[in-house]
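Trainee:
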Amino acid sequence: MTLFDRWMSTIRTRTVAFIAIVLAIAVTAVSCSGGGGTTAQSSPGIAPELVADYIHTVLAADRTAYTKHVVNRAKMLEGKAKDDGVLAIEATEGWQQTNGIPLPAQMFRLGSEISNESGYFTYNLISPWYINDSHAPKGEFEEAAVEEMIETGEPVKDYQEIGDQTFFSAMYPDKAVAEACVSCHNTHPVHLERYPDKQFVMDEVMGGIVINIPLAGA
């Protein structure tokens, strides 16, 4: 099994665990409320705020570990040699065409695609300086929350209605934890074209991680 395969296996395992937790909470909420108009106050189970915190803790830990202990150890980063690299592999946006490994944001998105298929909860990256259009703020909650989060550096949490479904949504700051995060974004052609005056630095909030947990109809 390759290094990439092992990481994907880990993501799938954690995704199954997340789904089990959220499904149990959702079922408790629906059964206690009679199946309609579920809110955090109507459920004696774990509060959705805490569930979102649990999920975010593991998501952030996995992403940081992948960045620091895999991407940072690669000998090549987007075609450039790394003096401190020890793994004979390249971390690159075009990893599928070069037999390399995904960049941290791409690995995160691969995991979210697996999780989002379940329909029990979703998560995604979001940023006002997005490179991938799927990471642009969408809807009233995301547009307002991302501005507040960037300004304060603190998580933003609220309830929102999407269609006829009630969600608890939480957005957490996503900081630059490694030089690879900063250099890849600052030198990316799309970033340079869209945001020529924006240059990230280490530990800066680059965007957020948004988690949406359904509270009814699970």
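Residue 98 in numbering that gives the first Met the number 0 sits at position 99 of the sequence shown; the count goes up by one each step and never skips.
Glycine included, C-beta positions come from ideal geometry on N, C-alpha and C.
Within 8 Å, do at least three Cβ pairs link the segment 154-171 to the segment 193-210?
Mentor: Yes, they touch.
Trainee: What do you get for Glu141, buried or exposed, if any count of 16 or more other CB atoms within 10 angstroms of its CB means buried?
Mentor: Counted from its first residue, the sequence shown places residue 141 at position 142. Buried: at least 16 other Cβ atoms inside 10 Å.
Trainee: Ile149 to Asp132, Cα distance in whole Å?
Mentor: Locating residue 149 in the sequence shown gives position 150, counting from the first residue. Locating residue 132 in the sequence shown gives position 133, counting from the first residue. Roughly 19 Å between the two C-alpha positions.
Trainee: Quick one: using the 10 Å Cβ neighbour count with 16 as the cut-off for buried, is Gly110 buried or exposed?
Mentor: Reading the sequence shown from its first residue, position 111 is the one you call residue 110. The residue in question, Gly110, is buried, as its Cβ has 16 or more Cβ neighbours within 10 Å.
Trainee: At a cut of 8 Å, does the segment 153-162 reach the segment 85-103 through at least three beta carbon pairs?
Mentor: In short, these stretches do not touch, since the Cβ pair count stays below three.
Trainee: Assuming Ala122 and Leu214 make a contact with CB atoms under 8 Å, what is their CB distance in whole Å?
Mentor: Within the sequence shown, the letter at position 123 stands for residue 122. Within the sequence shown, the letter at position 215 stands for residue 214. Checking the displayed sequence, the identity of residue 122 turns out to be Tyr instead of Ala. The pair is not a contact, with the Cβ atoms about 16 Å apart (cut-off 8 Å).
Trainee: Quick check on this structure: which residue in Lys137, Thr165, Pro103, Ser117 has the alpha carbon closest to the alpha carbon of Arg62?
Mentor: Position 63 of the sequence shown, counting from 1, holds the residue named residue 62. Residue Pro103 is the option with its Cα nearest to Arg62.
Trainee: Which partner residues of Gln159 appear in the DSSP bridge assignment?
Mentor: Start at 1 with the first residue of the sequence shown, and residue 159 comes out as number 160. For Gln159, which the question treats as bridged, DSSP gives the partners Phe166.
Trainee: Mind checking who Val204 pairs with in its DSSP beta bridge?
Mentor: Position 205 of the sequence shown, counting from 1, holds the residue named residue 204. Val204 is bridged to Lys174.
Trainee: What is the C-beta distance between Glu203 and Ala175, in whole angstroms, given that I count them as a contact (C-beta under 8 Å)?
Mentor: The residue you call residue 203 lines up with position 204 of the sequence shown. The residue you call residue 175 lines up with position 176 of the sequence shown. Contact holds; Cβ gap of about 5 Å.
Trainee: Can Asp83 and Asn71 be called in contact, C-beta distance under 9 Å?
Mentor: Your numbering for residue 83 matches position 84 in the sequence shown. Your numbering for residue 71 matches position 72 in the sequence shown. Cβ atoms of Asp83 and Asn71: closer than 9 Å.
Trainee: Determine the direct distance from the alpha carbon of Glu192 to that of Leu86, and round the result to whole angstroms.
Mentor: For the purposes of this step, residue 86 is taken as residue 87 along the sequence shown, with counting starting at 1. For the purposes of this step, residue 192 is taken as residue 193 along the sequence shown, with counting starting at 1. Between Leu86 and Glu192, the C-alpha separation is close to 32 Å.
Trainee: Out of Gln105, Gly118, Gly138, state which residue places its alpha-carbon closest to the alpha-carbon of Ile130.
Mentor: By 1-based counting over the sequence shown, the position of residue 130 is 131. Considering only alpha carbons, the answer is Gln105.
Trainee: Val189: which of Glu147, Trp128, Gln96 sits nearest, CA to CA?
Mentor: As a position in the sequence shown, residue 189 is number 190, starting the count at 1. Comparing Cα positions, the closest option is Trp128.
Trainee: What residues in its chain sit with their C-beta under 6 Å from that of His187, if we drop five residues either side in the sequence?
Mentor: Position 188 of the sequence shown holds residue 187. Around His187: Ile130.
Trainee: DSSP on Asn71, reduced to helix/strand/coil?
Mentor: Sequence index remark: in the sequence shown, residue 71 carries index 72 (1-based). It is helical.
Trainee: Is Val209 helix, strand or coil when you go by DSSP?
Mentor: Here residue 209 refers to the residue found at position 210 of the sequence shown. Strand, per DSSP.
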